[in-house]
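Here the structure comes first, spelled out in structure tokens, and everything after it is commentary.
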Amino acid sequence: MSKDRPETRLTSEGRMSAEHFGVINTPVYRASTILYPDLKALKANTQPYTYGRRGTPSTESFEGAISSLEGAARTVSVTSGVQAIALAILSVCGTGDHILVVDSCYEPTRTLCERTLKRYGIQTSYYAPGDDITAHLKPNTKAVFCESPGSLTFEVQDIGAIAEAAHAHGASVLMDNTWATPLFFQPLAHGVDLSIQAATKYIGGHADVMLGYVAANERHAARLHQVHGDLGLYASGDDCFLGLRGVRTLGVRLKQHQETGLALARWLKDRPEVARILHPALPDDPGHALWKRDFSGACGLFGVILKPVSEAAVAAFVDGLQHFGIGYSWGGFESLIVPAHIKRTVRPFVAEGPVLRIHAGLEDAGDLIADLEQGFKRLKEHI
Ligand SMILES: Cc1ncc(COP(=O)(O)O)c(C=O)c1O
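Under numbering that gives the first Met the number 0, the first residue of the sequence shown is numbered 0, with each subsequent residue one higher.
Structure, rendered in structure tokens:
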């Protein structure tokens, strides 16, 4: 791997300019058919590209850039983050196996496990983000699934300790690293075997592409590629192009999301209407020490627990905001806010009042704070 810092590598990894008349980012290749010059070449099967589904220069550029950032032996791209989660699990688990999943995972990860994977004979149980997983491992545990910080609760996990315990048991470690991206946390360097990313979020960065990937270490690369092929998974040239274009500016965007997110979080923390902020980069957050040890930054996504107020007061606060859209995604240029319903944790997670999830976009932090201030005025009118 290059000695250059990741911010530098973001601008150059995956370039194939020499093969494309000097064009700096690999153009969009739309292809199903790929021709061979003769039967000898067909038989030899050594062409870099053989059929659209199995890759084009567009997918290769994107996946190559990601492998470099992740320190991975191989990356495969798919059409969404959820597809990446399903692929990672299916590449290590089969009928009769057990997967141990963190209870703060993205809700559709649970749905996948409890509905579809259950039908195929894969059992799931859950652990709390701070648990020593040893006691939860079963003889048939094949995979431990992590997400750090977790969706909605933003609790940080000790990935190194989890990986050590899982590997001692012969289980693989899978991690949804969408919050940090490989720029702020490197899963494989912390012992993760399969690093999962909803590239829909910060990698795409412009709220206009659905894309996912799984990056594997050496030991898991061949099987990952095989299962990706067997399931017929694929990401389009257009989407990989957008993914690679997003990679080029990921460094500056994430720094800005971090700065604005922290400005909002700190301001909200001092508001009388707020009970608690869920943001591991704040020094008094319970996950701060782990975050500081393992992460090199924070993105713009965090939680706010309000003091108890009525649903109407929350609606007055949220509905009137001018700069925050109401929407489920995040990682784009725009600020967003949604109510977060924390449920089904294996341990009690007590929220003092309504929970909101905020995504700090690329707008001016002062404008966003002024907007929130107006929101609190509306909220008070409903108390
Ligand atoms: C943490 C996390 N992982 C995975 C996903 C799924 O990504 P996609 O919507 O691309 O399937 C999301 C989407 O919100 C997410 O928040």
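We treat Cβ as the ideally placed atom computed from N, Cα and C, and that holds for glycine. Just so it is clear, the structure is predicted and the values come from calculations on it, not from any experiment.
| query | result |
| --- | --- |
| Coarse secondary structure for V172, derived from DSSP in three states | strand |
| C-alpha distance - T180 paired with G360, whole-angstrom precision | 16 Å |
| Other residues of its chain near T177: CB distance less than 7 Å, five sequence neighbours each side excluded | G80, Q196, A197, K200 |
| Within-7 Å CB hit, I195 to chain D | The chain inventory of the structure shown lacks chain D, comprising one protein chain alone. |
| S283 beta carbon near ligand 1 (any heavy atom closer than 6 Å) | Correcting the residue identity first, residue 283 is Asp in this sequence and not Ser. Every heavy atom of ligand 1 is 6 Å or more from the Cβ of D283, so no. |
| Those runs of the beta strand (DSSP E) which lie wholly inside the stretch 20-98 and span at least 3 residues | 73-77 |
| Three-way DSSP call (helix, strand, coil) for H358 in this model | strand |
| CB of T49 within 7 Å of CB of A30, strictly | no |
| Local conformation of R275 per DSSP, three classes | strand |
| Runs of beta strand (DSSP E) lying entirely within the stretch 274-331, each at least 3 residues, in chain order | 300-305 |
| When Q46, C104, Y119 are compared against L147, the one with the closest alpha-carbon | It is worth fixing the name first, because residue 147 is Ser in this sequence and not Leu. That would be C104, whose Cα lies nearest to the Cα of S147. |
| The stretch 32-47 in contact with the stretch 95-112 per 3-pair CB rule at 8 Å | no |
| Separation of G21 from A312, as counted between CA atoms | 57 Å |
| Candidates D130, A142, V75, E113: closest to I88 by CA position | A142 |
| Rounded C-alpha distance that separates R4 from S295 | 12 Å |
| Rounded separation between A314 and G374 - CA only | 10 Å |
| Cβ separation of G260 and C298, assumed to be a contact under 8 Å, to the nearest whole Å | 7 Å |
| Secondary structure of T177, DSSP reduced to three states | coil |
| Closest residue to S76 among D238, F184, S309 (Cα-Cα distance) | D238 |
| Distance between H287 and A134 (C-alpha atoms, nearest Å) | 25 Å |
| G352 and K306 closer than 7 Å at C-beta | yes |
| Nearest candidate by alpha-carbon position, reference S57, set F348, Y126, K342, Y233 | Y233 |
| Extent of the continuous alpha helix (DSSP H) run through Q255 | 236-268 |
| Cβ pair L300, H358 closer than 7 Å | yes |
| Spatially closest choice to C145 from F153, C92, P128, K137, by CA coordinates | P128 |
| Spatial distance of I132 from T140 (CA atoms) | 11 Å |
| Separation of G63 from P107, as counted between CA atoms | 28 Å |
| Distance cut-off 6 Å: V81 Cβ against heavy atoms of ligand 1 | yes |
| T199 Cβ short of 6 Å to ligand 1 heavy atom set | yes |
| Closer than 6 Å: D293 CB and nearest ligand 1 heavy atom | no |
| Assumed close pair T74, Y212 - CB separation to whole angstroms, cut-off 8 Å | 5 Å |
| D102 CB to nearest heavy atom of ligand 1 below 6 Å | no |
| Span separating the alpha-carbon of A167 from that of L210 | 33 Å |
| Start-to-end residues for the alpha helix (DSSP H) that takes in V226 | 217-229 |
| Whole-Å CB distance - V303 paired with L267, under 8 Å assumed | 5 Å |
| Proximity below 7 Å, CB of H322 to CB of D284 | no |
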